[in-house]
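Residue numbers (the numbering used here): 97 to 748. Before any comments, here is the structure.
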Ligand code: PRX
């Protein structure tokens, strides 16, 4: 082992939050599960969390870069997520408390209801020609028919791809063409902030570029008129099939049969179809959901506030929670409609006990102020989670104090579309948490930090996050593109999965995620991660959000440009700018001091809420903007560019 390191680490966070004795006493996990042998851990979880029609004969096979799990096993995902709970007498238990965006639009869906709905949808698909292996695209908002359609596909053994309802017609047609979809499920329109999104019209544009799609099923949501193509398009309520479970038994599937593709963007314009299979994915999603969220199926009301159109929604709204028989909340709308306390009123109304969300949402709530949460009784909460980006320590502490009432453990969970399940995370009741650290690899997961040359970096050092051993929910490749799969994840180090993230391990063996390695900045020969400078800025009491990017600099190679949103949307003065630069210098050292700071009311984010630093680099360099199609609000970046030019004069 050498101490060679690839990313300098400067930020020191010393706050510690050990688990309370009360939480530990009732927790699903104890420290003993870290001692369990990797193979017995996964074999035990496969039998405890999932029901098999035929047991598997081999736990796993590993021929890098491809893995297979639970070989010989047969199972069905919809049976595991729905039918077996009804068979075990839990049919009257609520699976989803669904809340639409318009006031009073509520549905409580029990497991028995869900069984009927899934069977009816599966029969509909079957009558319209879907069989085992037929690829189905789903383009919907957060309505109950979205998980219902997904489960109906799994019942028949038809692989699905869900395309997030905020994506464009081109994104939808690209994905349908890549997967070879023959059927599309969509809805008339979706509700969003009091207006409607014309999903069917967008789907029509997409279908005109995806001639392989012969059938479109349209679920009625808003009830407004939409064009229907004779022969191709069918209203779901007109073609709804029998809901008698006996009429549509779940298809026994091989553990390694394709379950779904989830497309994710890469460095080129063509999205990658990340392939997940049946057995390994379900075991991985269910086991992590059970331990990481300490799920008590009979007592908890669990809410993952992501969109089902992302991997977080697949694993932790649909498959993990339903496999575990959880009661979940599913919410259609945005957090600030009709008001900024919408989330907190939902938590109060349903007595939510577990909340899982993203740092971007937490920072928005911080910006809006704690008074919105303070209006509601949030004492039902007992556990909080975070996912999607590194969480700045100040946002973590804000979440802990203002939402968790200082009593709820926070699980900062690191994972990816490709990993299918959470891989690095605290276990509540076991792990002492540190704001900003995702702490430990999940039991059975072997993670490390490597230097550029492939040596393991010692405690305190920064480098590249890798995984040294396969895990059940690992991607089985990029659909139809073996070469790209090998190149993206397996070419940097031999036989080791390269995640594309920077990380450091501290003296306790805890992992600190440092952001995408493409975003690392090089100032006077020091490789500095974006997240550390951003966290130093967010540490200032007046800063709500910050993003940094590098521009070329004649003296230092690169110089740091910071984009800062102040709390309450205040405008920044020249004095404030100096104060923030000095704050960073004091917090992590003069080397990380931003050369200039641009104050902005919003930061450019992807539709899943991640800050798009690539565009900020273009702004910092005064270059034409790169691809902006995945931005949630493309106007934000123009505004920042204008402000950046105005600020340029103030630079020193
Ligand atoms: O950079 C990491 C960041 O999100 C990336 C994966 O994004 P995606 O495939 O969209 O999946 C998001 C939901 C799992 C990672 O490579 N990321 C995700 N969670 C964390 C994180 N970075 C730091 N800490 C996290 N907890």
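Note that the Cβ used here is the ideal one computed from N, Cα and C, for glycine as well.
Give me the Cα-Cα distance between residue i and residue j, rounded to the nearest whole angstrom.
i	j	result
residue 295	residue 377	29 Å
residue 697	residue 389	34 Å
residue 498	residue 233	40 Å
residue 584	residue 298	31 Å
residue 559	residue 643	21 Å
residue 663	residue 706	19 Å
residue 602	residue 486	16 Å
residue 447	residue 476	5 Å
residue 429	residue 292	11 Å
residue 504	residue 132	27 Å
residue 680	residue 655	14 Å
residue 46	residue 631	Only positions 97 to 748 of the chain appear in the structure, and residue 46 is not among them; the question remains open.
residue 310	residue 235	15 Å
residue 501	residue 119	15 Å
residue 323	residue 284	9 Å
residue 604	residue 280	49 Å
residue 368	residue 403	19 Å
residue 186	residue 192	14 Å
residue 454	residue 491	11 Å
residue 758	residue 302	What the structure shows of the chain is the stretch from 97 to 748, and residue 758 is not part of that stretch, so it cannot be assessed.
residue 434	residue 442	13 Å
Is the beta carbon of residue i less than 9 Å from the beta carbon of residue j?
i	j	result
residue 170	residue 148	yes
residue 609	residue 624	no
residue 468	residue 494	no
residue 384	residue 282	no
residue 106	residue 688	yes
residue 146	residue 419	yes
residue 518	residue 546	no
residue 207	residue 190	yes
residue 63	residue 544	Because the chain in this structure spans residues 97 to 748, residue 63 falls outside the shown range and cannot be described.
residue 123	residue 114	no
residue 607	residue 510	yes
residue 553	residue 592	no
residue 414	residue 238	no
Are there 16 or more other CB atoms within 10 angstroms of the CB of residue i, so buried, or fewer, so exposed?
i	result
residue 276	exposed
residue 111	exposed
residue 258	buried
residue 647	buried
residue 228	exposed
residue 60	Outside the displayed span of the chain (97 to 748) sits residue 60, for which this structure offers no information.
residue 670	exposed
residue 267	buried
residue 121	exposed
residue 471	exposed
residue 674	exposed
residue 682	exposed
residue 709	buried
residue 345	exposed
residue 555	exposed
residue 252	buried
residue 269	buried
residue 760	As shown, the chain starts at 97 and ends at 748. That puts residue 760 outside it, with no answer to give.
residue 464	buried
residue 636	buried
residue 200	exposed
residue 138	buried
residue 355	buried
For residue i, which beta-bridge partners are listed by DSSP?
i	result
residue 181	Residue 181 is not bridged to any residue.
residue 372	356
residue 192	205, 424
residue 560	546, 598
residue 400	452
residue 302	DSSP, once it has assigned bridges, lists no residue as partnering residue 302.
residue 283	315
residue 537	520
residue 692	657
residue 461	Answer by DSSP bridge pairing: none, since residue 461 is not bridged.
residue 107	Paired residues: none, contrary to the question.
residue 611	598
residue 574	370
residue 329	312
residue 507	481
Chain C beta carbons: is any one of them nearer than 9 Å to that of residue i?
i	result
residue 372	Looking at the structure shown, chain C is missing, and only one protein chain is on hand.
Report task. For the ligand PRX, list every residue whose C-beta falls under 7 Å from any of its heavy atoms, going in chain order. Result -> 360, 406, 407, 408, 482, 483, 484, 485, 486, 487, 508, 509, 510, 511, 512, 513, 514, 534, 595, 596, 597, 609, 611, 612, 704, 706
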